[in-house]
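According to mature numbering (1 follows the signal peptide of the UniProt record, and there is no 0), the sequence shown holds residues -19 to -1, 1 to 132 in order.
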Amino acid sequence: MKIYTIILLLLLLGSPILAQEKNAIEWYSFEEAIALNQKEPKMVLVDVYTDWCGWCKKMDKHTFTDENVIDYVNDNFYAVKLDAENTKKKFEFKGKEYSEAAMARAMRVSSYPNFVIIDAAMENITQLPGYREPDVFLKDLSATLKQLTGE
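#1: Per DSSP, which one or two residues make a beta bridge with residue 177?
#2: Closest by CA to T44, which one among L129, F118 and L126?
#3: Specify, as a first and last residue, the run of the alpha helix (DSSP H) that K23 falls within.
#4: Please state if the CB of I15 and the CB of F74 are separated by a distance shorter than 8 Å.
#5: So, does the region 45 to 58 touch the region 82 to 91, judging by three or more C-beta pairs under 8 Å?
#6: Can you give me the Cβ contacts of C34 inside the same chain, cut-off strictly under 7 Å, excluding the 5 residues immediately before and after it?
#7: What number of angstroms, rounded off, separates the C-alpha of T130 from the C-alpha of E21?
#8: Since V97 sits in a beta bridge, which residues does DSSP pair it with?
#9: How big is the Cα-Cα spacing for D100 and I106?
#10: Please tell me whether L17 and I98 are closer than 8 Å, where the distance is taken between their beta carbons.
#11: From this set, P115, E104, E78 and L109, which residue's C-alpha is nearest M24's C-alpha?
Next comes the structure, spelled out in structure tokens:
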């Protein structure tokens, strides 16, 4: 009887630890995504957000925690979070220095959330503005991926 109690106790104590190891989107900085893309070309998905954007927070809590979204984004993109109002964090892209806010303007983002997809050659971009439920987000990402790759 003692052994069953010990096993049950171990299972109960271990389950919160396992629950915390949930799969998540791998978010990179813009410069990390550029460096990774040079080693292994992949499209870049940029989540352009602001701290005050309620729909951005809903994407983080609802859509970006969906297992199917997590798997699809991690398999097909280098995911980047870009604060459209951050003027302090700077990085270099294509020989120019940008702040996150300047990059958001350069990508012509004017509403939030906005998802910018940059092809693996770091040339062509497509925008997917607005909040999306997980299934709709997956459908839109898949369609954009096919459009940009021709597959």
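Glycine is no exception: its CB is placed at the ideal position from the N, C-alpha and C atoms.
Taking the geometry as given:
#1: Any answer about residue 177 is impossible in this case: the structure gives the chain only from -19 up to 132.
#2: If you number the sequence shown from 1, residue 44 lands on position 63. Out of L129, F118 and L126, F118 has the C-alpha closest to the C-alpha of T44.
#3: Mapped onto the sequence shown, residue 23 falls at position 42. No alpha helix (DSSP H) holds K23; DSSP gives it neither H nor E.
#4: Numbered from 1 along the sequence shown, position 93 holds the residue referred to as residue 74. Numbered from 1 along the sequence shown, position 34 holds the residue referred to as residue 15. Yes, the pair counts as a contact, with Cβ atoms nearer than the cut-off.
#5: no
#6: Counting from one through the sequence shown, the residue named residue 34 turns up at place 53. If we look at C34 and ignore the five residues flanking it on each side, its Cβ neighbours are Y93 and P94.
#7: Indexing the sequence shown from 1 puts residue 130 at position 149. Indexing the sequence shown from 1 puts residue 21 at position 40. Between T130 and E21, the C-alpha separation is close to 16 Å.
#8: Along the sequence shown, read from residue 1 onward, the residue named residue 97 stands at position 116. Partner(s): V27 and Q108.
#9: As a working note, residue 100 is residue 119 in the sequence shown. As a working note, residue 106 is residue 125 in the sequence shown. In a straight line, the C-alpha of D100 is about 6 Å away from that of I106.
#10: Translated into positions along the sequence shown, residue 17 becomes position 36. Translated into positions along the sequence shown, residue 98 becomes position 117. The answer is no: Cβ separation not under 8 Å.
#11: Start at 1 with the first residue of the sequence shown, and residue 24 comes out as number 43. Comparing Cα positions, the closest option is E104.
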